[in-house]
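Working notes, beginning with the structure itself.
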Amino acid sequence: MESADAASDEEETVDGLDEDVDDELEDEDENDESVLTADDLISREEPEALGADEILKVLDEEEEEETVEEWVEEEPEADAALAVDERVGEPDLVRVYLQQVGKHALLTKEQEQELGRRMEELQTMLLRQFAEVPCARATLIALADKIRSGEAPAAELILFPDGRELTPARVRPVLAAFADLKKIHEEIGRLCTERGRTKSRTERTKRTNRIAQLTRQAAELLARQPVRPSVIDYVVEQLQKTNERITEILRLPAGEERRQAMKEIQSKTGIVPRAFRLVAARIARTQEELRYVKQRFLEANLRLVVSMARRYTGRGLSMLDLIQEGNIGLMKAVDRFQYRRGWKFSTYATWWVRQAMTRAIADYGRTIRLPVHVIESLSKLERERRSLRSELGREPTPSELAKALDMSVDKVELLLDASRQPASLHAPVGDEGTELGALLEDQTAASPEATTIASELAEQLESIMSHLTEREREVLRLRFGLTTDREETLGEIGRRLMLSRERVRQIEARALQKLRAARGQAA
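Taken in order, the sequence shown gives residues 0 to 522; the numbers are from numbering that gives the first Met the number 0.
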């Protein structure tokens, strides 16, 4: 990508653009439904839980910078990282990944500063270009309105360049700026409507010049706002989708269908399709260069992620899973990197990569998820446990651990219980392929002895009652619970067999009399 082209594009004025399409701008309504909505942006990225102010404070106090070179030198041989995962095929995948990572050269501090400066310039350039597209302005304004009304958190739109926390006092000026942008946006919409209705060329030119002036004001105002990079990416993505739709429409044969489709696009975007395509092309070039700059940062620091992933192996996630989570943290670090503070990028990125990995371990490393604060308490408990074991020469008791950690014995016992890892019933036992579940007793199942006794008893009862009628046998089974878990009353048996209570009593008495007679004959 050529930077000169991007710079020259940025220098194009809105005046020239408006003059080029002046005859086509008719009945544009800035308040029409936009192709982008604020609701689409809500919850696309969860606001970061880590306190940015705390990170910046600690980083400012760092006496020595951690660099990618220092991380990698700790483990020069990639094979050491390959032995941590025993899943079939996993080491080969890690080895291939490490080979690809090693092909990217590290960045010097000067190169990082230059890339950081260029990344900031490109993000500002994109915001200026958004100001030229009514639907993009409307989307950002709508999201700011949702934040102002409490429907969305400030973190959905705002990310301060210096990493400051989003306190009400800091957010308020940003929302005020978007309120001013909304007034400009509405004024442009009103002028566009008036221009479409007037027939005087002088009046049309006057309104066109005023629109151009207000658009430049909107660009300057929007360029100063700390808009979240993920929001910028999303707006660019939606604008490109609209541009692709226009391309599809242009392939249609000239006629009513094509004219109607173009009219719908103009209504939704607030700008004629030809002007939209010009701005969309410049936005695409700017976004492509921004993506290239971020890619340079990412590729040069992938080895940092691999080295940190090696330190967190054996905690429930595979090497590749840790690398993947770490890369997500690395991408967040790129968006938040402050080159003006003079750090090496790896010093700043370490915090985000570590947080991404530890949070992934807490969320996915255990079959039964434990809260993050419990994981931290378990880490302290385990460190103290190892220390006392070395000092005492035996396993420390819960009371000794509680005293060392300044905790209650009950809490220590609860942590010890939570630290136990669940075992899979399908885990192999021995070399014969036996599973653990096959060796465990089923407490709910009857023992073989009890099952045999019950079976023989049932056979003997049926033999004794063989000379009774079917109804007599059924009454005795229900009355004495011979085939059920409970004995039923005469009334319950009567309702079941559609008989009166007295009739059931008579059947029971006759059946018992027959059994006594049979026993007497046997004696």
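A virtual CB, placed ideally from N, CA and C, is assigned to each residue, including glycine.
Keep in mind that this is a model prediction, so the values were computed, not measured.
So, with DSSP's three-state summary, where would you put residue i?
i, result
"Ile-367", "coil"
"Val-57", "For Val-57, the predicted structure reports a pLDDT of 46, less than 50, and the residue's modelled location is therefore unreliable. A value from the coordinates is still provided. The answer is helix: DSSP assigns Val-57 an H, G or I state."
"Ala-214", "Checking the displayed sequence, the identity of residue 214 turns out to be Thr instead of Ala. DSSP places Thr-214 in helix when its eight states are reduced to three."
"Ile-322", "helix"
"Ile-264", "helix"
"Ile-157", "strand"
"Pro-427", "strand"
"Glu-507", "helix"
"Thr-433", "strand"
"Pro-421", "coil"
"Gly-315", "coil"
"Met-497", "coil"
So, for residue i: in the same chain, excluding its five sequence neighbours on each side, which residues have a beta-carbon less than 6 Å away from its beta-carbon?
i, result
"Arg-314", "Ile-360 and Gly-364"
"Met-118", "Val-292"
"Ser-2", "Residue placement at Ser-2 is flagged as unreliable, the pLDDT there being 43, under the threshold of 50; the coordinate-derived value follows with that caveat. Taken in chain order, the list of residues that qualify is empty."
"Ala-135", "Phe-129 and Val-234"
"Lys-240", "none"
"Tyr-311", "Leu-321 and Met-356"
"Leu-125", "Ile-231 and Thr-285"
"Glu-23", "With a pLDDT of 40 at Glu-23, under the threshold of 50, the modelled position of this residue cannot be trusted, and the question is left open."
"Asp-52", "Interpretation of Asp-52 is limited by its pLDDT of 48, a score under 50 that renders its predicted location unreliable; the figure taken from the coordinates is listed afterwards. Excluding residues within five positions, the ones whose Cβ falls inside 6 Å are Glu-164."
"Leu-277", "none"
"Ile-327", "Ala-355"
"Glu-111", "Phe-344"
Which same chain residues, not among the five before or five after residue i, have their C-beta less than 7 Å away from its C-beta?
i, result
"Val-333", "Lys-293, Phe-296 and Leu-297"
"Glu-394", "Arg-388"
"Thr-214", "Val-13, Ala-130, Glu-131 and Ile-187"
"Thr-482", "Arg-476"
"Thr-261", "Residue identity check: residue 261 is Met in the sequence provided, not Thr. Counting only Cβ-Cβ distances below 7 Å, and skipping sequence neighbours, we find Ile-248 and Pro-272."
"Ile-540", "Summary: the structure shown does not reach residue 540, with the chain confined to residues 0 through 522, and so no result is reported for it."
"Ile-210", "Asp-17, Ile-187, Leu-190 and Cys-191"
"Gly-432", "none"
"Arg-257", "Ile-248 and Leu-251"
Do residue i and residue j have their C-beta atoms closer together than 9 Å?
i, j, result
"Ile-245", "Phe-275", "yes"
"Ala-355", "Gly-325", "yes"
"Val-408", "Ser-398", "yes"
"Arg-502", "Gly-490", "no"
"Leu-380", "Leu-414", "yes"
"Leu-477", "Arg-504", "no"
"Gln-339", "Trp-351", "For clarity, residue 339 is Arg in the given sequence; the question names Gln instead. No."
"Leu-301", "Val-100", "yes"
"Gly-480", "Glu-487", "yes"
"Ile-374", "Thr-349", "no"
"Arg-127", "Leu-221", "yes"
"Leu-106", "Ala-299", "yes"
"Val-411", "Tyr-96", "no"
"Met-464", "Glu-471", "yes"
"Ala-453", "Ala-444", "no"
"Ala-217", "Leu-156", "no"
"Met-307", "Arg-382", "no"
Counting only the same chain and skipping the five closest in sequence on each side, list residues whose C-beta sits under 8 Å from that of residue i.
i, result
"Leu-369", "Ala-361, Leu-377 and Ala-417"
"Glu-434", "Leu-424, His-425, Ala-426, Pro-427 and Val-428"
"Leu-158", "Pro-225, Val-226, Arg-227, Pro-228, Asp-334 and Arg-335"
"Glu-263", "none"
"Arg-500", "Leu-489, Gly-490 and Gly-493"
"Ala-401", "Ser-407, Val-408, Lys-410 and Val-411"
"Leu-467", "Leu-475, Ala-510, Lys-513 and Leu-514"
"Ile-367", "Pro-421"
"Leu-92", "Leu-319"
Chain D beta carbons: is any one of them nearer than 9 Å to that of residue i?
i, result
"Ala-178", "In the structure shown, chain D does not exist; there is a single protein chain."
- request: Could you pull out every unbroken beta strand (DSSP E) segment of at least 3 residues lying fully inside the region 83-154, listed in chain order?
  value: none
field: In chain order, each alpha helix (DSSP H) run of at least 4 residues that lies wholly inside the region 333-366
entry: 344-363
- request: Would you be able to state if there are at least three C-beta pairs under 8 Å between the region 238-253 and the region 169-179?
  value: no
- request: Report yes or no: do three or more beta-carbon pairs, one from the region 171-181 and one from the region 200-207, lie closer than 8 Å?
  value: no
- prompt: Should the region 228-242 be called in touch with the region 132-142, which here means at least 3 C-beta pairs below 8 Å?
  reply: yes
Cβ contact check for the region 277-288 and the region 146-153: 3 or more pairs under 8 Å: no
field: Unbroken stretches of the alpha helix (DSSP H), 4 residues or longer, contained in the region 241-287
entry: 255-268
Inside the region 437-462 only - alpha helix (DSSP H) runs reaching at least 4 residues: none
task: Write down every uninterrupted run of the alpha helix (DSSP H) in the region 466-495 whose length is 4 residues or greater and which is fully enclosed by it, in chain order.
output: Counting only runs of at least 4 residues, the region 466-495 fully encloses the following alpha helix (DSSP H) elements, listed from N- to C-terminal order: 469-479.
- prompt: Taking the runs of the beta strand (DSSP E) that are 3 residues or longer, which of them lie wholly in the region 162-245?
  reply: none
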